[in-house]
Structures are given as structure tokens and as C-alpha cells.
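Peer 1: Right, I'll just put the structure down here and ask away after.
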Amino acid sequence: MSITVVTADLTRLALDAIVNAANPALLGGGGVDGAIHRAAGPALLAACRAIPEIGHGVRCPTGEARITPGFQLPARFVIHTVGPIWHGGGDGEARLLASCYRNCIALAVEHDLRSIGFPAISCGVYGYPPTQAAPVAIAALRSALAADSALDVQLCCFDERMAAIWRQALNQA
Ligand code: AR6
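End of the sequence shown = 173 in the UniProt record's numbering, gap-free, step of one.
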């Protein structure tokens, strides 16, 4: 198992899968979600629409994950997950964020993938403080990865400031 921090545009990574920080409708949005849909092309939206709704407008509840092809992306698959909206930390945010990472790894293992790139789930529009998200993410990955030593995990940060936070958490954990 390897976990590394990279500073990059996630949509450019030629990995088996990249993870989308989506919302429950899975029909696109801003941030990394918008960037992934733009780079993958309209077939991604069609594939997301085809995922069954399990509630009104909900294709993926918070903490869960769904997989689609990557279409025009360099990545073969997109694993869509929905991070928690930050409400101060007392609303189960850490448990739900850990669940996102764990469920993405479970899908990657199920599909026999060898490499996966994660954005900083919930750390943008959803307001999760990165200094608190990083240790939760790394602990969840380490426990989920124990059974699959072959998976290469890249934690993809958009800028160096964010990468420094994630590197520190990786070295401290
Ligand atoms: N590559 C890597 N990281 C990126 C990229 C990119 N191309 N673009 C943004 N980031 P966010 P969230 C970083 O807001 O907080 C959407 O509208 C960004 O700097 O994309 O989980 C969805 O539809 C930040 O560190 O996701 C949801 O409604 C991190 O990715 C909502 O936003 C996550 O920021 C989800 O919010």
C-alpha cells in the first residue's frame, strides 16, 4: 500500500480511478465536480443520470460512493462520493468523511483497481477545515487499505498550501 500527496489538477491524472467530491444528486456542480464533468464530457452526466435515485433527487447519500466510467478523462473510472457539509464538527462529520474514503476504497478493490486519486473531499464548498479533514482521511485510508496492499493512493491537492497540510498529517499519523 502506498499513500502519497501530489499537487495537481485531479482531472489530469492518468490513474485507474479518480474520486469526485460530488453532491447527492450526482448531476454536477462547482469545484472539482464541475472540473471532472467538463473534462469527462457529457457522457459522464448521462451515466450519472442512469444511477438509480434512492430518494427524491438522491443518487448517493452522504458518506456513500458510486462508480462510473471516466469517458474522456485520462482516468478509466470516476468514483463519486458525497462528503459531509461542515456544521462545526458535532454533527457526525468525521464519521461521514471517513465513510467516504472507506467506501471509495471498497469500490476500487471490488473493481480490481490499482491506483486511485482523491481530492480533499469536503474541504472546498462544504467547508470542512483541511487540518481536521486530513487526519480523518488518512486514518480511514490506512484501515481500509490494510487488506489491499497493491493499491496506490494519491491525495491530490490543488495548491501547495493544501498539500503541506496533507503531507504533515501523513507524516504525523
Ligand atoms: N483538482 C484537484 N482539486 C481540486 C480541483 C481540481 N481540478 N478543483 C477543486 N479542487 P470542492 P466539496 C479542490 O468544493 O467541498 C460541488 O459543487 C478544492 O480546492 O470541489 O466536497 C459539488 O457538486 C478543494 O480543496 O468539494 C458539491 O455540491 C477540494 O477540491 C460541493 O461542491 C474540494 O472542494 C462539494 O463540496
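Just so you know, even glycine gets a beta-carbon here, dropped at the ideal spot from N, CA and C. Just so you know, these numbers come straight off a predicted model, no measurement behind them.
(1) Which whole-angstrom value is the C-beta distance of Ala-108 and Leu-73, which I expect to be below 8 angstroms?
(2) Under 8 angstroms from any heavy atom of the ligand AR6, does the C-beta of Pro-61 make it?
(3) Return the first residue and the last residue of the beta strand (DSSP E) that Asn-103 is part of.
(4) Return the bridge partner residues of Arg-66 from the DSSP annotation.
(5) Check for me: the alpha helix (DSSP H) holding Ala-35 runs from which residue to which?
(6) By DSSP, does residue 193 sit in helix, in strand, or in coil?
(7) Could you tell me if Gly-90 is buried or exposed, where buried requires 16 or more neighbouring beta carbons within 10 angstroms of its beta carbon?
(8) Taking C-alpha atoms, which residue in Gly-88, Ala-169 and Gly-70 lies nearest to Arg-142?
(9) What is the C-beta distance between Ile-165 and Pro-119, in whole angstroms, given that I count them as a contact (C-beta under 8 angstroms)?
(10) When every heavy atom of the ligand AR6 is checked, does at least one fall within less than 8 angstroms of the C-beta of Thr-11?
(11) For the ligand AR6, I want to know if Gly-70 counts as a neighbour, meaning its beta carbon is within less than 8 angstroms of at least one of the ligand's heavy atoms.
(12) Taking the beta strand (DSSP E) that Val-5 belongs to, which residues open and close that run?
(13) With a 10 Å radius around its C-beta and 16 neighbouring C-beta atoms as the bar for buried, classify Ser-2 as buried or exposed.
Peer 2: Looking at the atomic coordinates:
(1) Sequence index remark: in the sequence shown, residue 108 carries index 108 (1-based). Sequence index remark: in the sequence shown, residue 73 carries index 73 (1-based). Between Leu-73 and Ala-108 the Cβ distance is about 16 angstroms, and since that is not below 8 angstroms, they are no contact.
(2) Walking along the sequence shown from the start, residue 61 turns up at place 61. No, the Cβ of Pro-61 stays beyond 8 angstroms of every heavy atom of the ligand AR6.
(3) One-based indexing of the sequence shown puts residue 103 at position 103. Premise fails: Asn-103 lies in the alpha helix (DSSP H), 93-110, not in any beta strand (DSSP E).
(4) Position 66 of the sequence shown holds residue 66. Arg-66 is bridged by DSSP to His-80.
(5) For this step, residue 35 is matched to residue 35 along the sequence shown. That run of the alpha helix (DSSP H) goes 31-40.
(6) For residue 193 there is no data in the structure shown, the boundaries of the chain being 1 and 173.
(7) For this step, residue 90 is matched to residue 90 along the sequence shown. Result: exposed.
(8) For the purposes of this step, residue 142 is taken as the residue at position 142 of the sequence shown. For Arg-142, the nearest C-alpha among the options comes from Ala-169.
(9) The count along the sequence shown starts at 1 and reaches residue 165 at position 165. The count along the sequence shown starts at 1 and reaches residue 119 at position 119. Contact check for Ile-165 and Pro-119: beta-carbon distance about 14 angstroms, past the 8 angstroms limit, so the pair fails to qualify.
(10) Locating residue 11 in the sequence shown gives position 11, counting from the first residue. Yes, the ligand AR6 has a heavy atom inside 8 angstroms of this Cβ.
(11) Start at 1 with the first residue of the sequence shown, and residue 70 comes out as number 70. Gly-70 Cβ: outside cutoff for every heavy atom of the ligand AR6.
(12) Here residue 5 corresponds to residue number 5 of the sequence shown, with the count starting at 1. Membership of Val-5 in the beta strand (DSSP E) is indicated by the continuous run 2-7.
(13) Reading the sequence shown from its first residue, position 2 is the one you call residue 2. Here Ser-2 is exposed. Its C-beta has fewer than 16 other C-beta atoms within 10 Å.
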